[in-house]
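Take the sequence shown: its letter number 51 is residue 51 in full-length UniProt numbering, and every next letter is one higher. Encoded as structure tokens, the structure appears first; notes follow it.
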Amino acid sequence: MTPPVNEVNHVDLEGDDQGLEDIHIIEDTSPNPPSSQKKRNQATLSSSVPPQKKKVSTKDVLATSVDRMTSSFEDLIRSTTQSLAPKEVWTEIMAIPNLTIEQRIKACAWFIENDKQFLMLKEVPMDMKQSMVLMFILDGSA
Numbered sequence: 001m002t003p004p005v006n007e008v009n010h011v012d013l014e015g016d017d018q019g020l021e022d023i024h025i026i027e028d029t030s031p032n033p034p035s036s037q038k039k040r041n042q043a044t045l046s047s048s049v050p051p052q053k054k055k056v057s058t059k060d061v062l063a064t065s066v067d068r069m070t071s072s073f074e075d076l077i078r079s080t081t082q083s084l085a086p087k088e089v090w091t092e093i094m095a096i097p098n099l100t101i102e103q104r105i106k107a108c109a110w111f112i113e114n115d116k117q118f119l120m121l122k123e124v125p126m127d128m129k130q131s132m133v134l135m136f137i138l139d140g141s142a
């Protein structure tokens, strides 16, 4: 059964060269026709239900989270902490003239523990290295 033709919405294509039949356009002014409303409701219900997942206990979730945090923290420590080779520190300190053996040993111990200052010591000109070493080890920082 064809719907009633509304003259305002009727498009007549008889004058078209392609020989198409009359096309009738009917606008449905209702927000949602009942049949499409049912289909939408079914689609919404089926998509809103999450798929079945294996239940995980709270203890498992907490254990997994703690493991991840631990490994992340260990990675951070490894990446930010550069372990200095004692031989490298010893070689650098031994190259500084006019230090006593006690000052050299104390300087090595101090610079092994303070890697950032050791990196700075390596960049300082040789004539300033003795002053820098003495400043750190005689300051009571060791």
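Glycine included, every Cβ here is placed at the ideal spot set by N, Cα and C.
Contacts around residue i, its chain only, beta-carbon distance under 7 angstroms, and the 5 residues preceding and following it disregarded
i      : result
Lys122 : Glu92
Alpha carbon of residue i to alpha carbon of residue j, nearest angstrom
i      : j      : result
Gln103 : Lys59  : 54 angstroms
Phe111 : Pro97  : 17 angstroms
Leu84  : Leu62  : 36 angstroms
Ala142 : Ile101 : Any reading at Ala142 needs caution, since the residue's pLDDT is 46, under 50, leaving its predicted position unreliable; the model's value is listed next. The straight-line gap from Cα to Cα measures roughly 15 angstroms.
Ala65  : Phe118 : Looking at the sequence shown, residue 65 is not Ala but Ser. Cα-Cα distance, rounded: 37 angstroms.
Phe73  : Asp139 : 33 angstroms
For residue i, three-class secondary structure by DSSP
i           : result
residue 146 : Within the shown structure, residues of the chain are numbered from 1 to 142, placing residue 146 beyond reach of any answer.
Asp60       : helix
Asp67       : helix
Val124      : coil
Ala107      : helix
Asp75       : helix
Own chain, CB closer than 8 angstroms to residue i, minus 5 neighbours either side, in chain order
i     : result
Val89 : Cys108, Phe111, Ile112, Phe118
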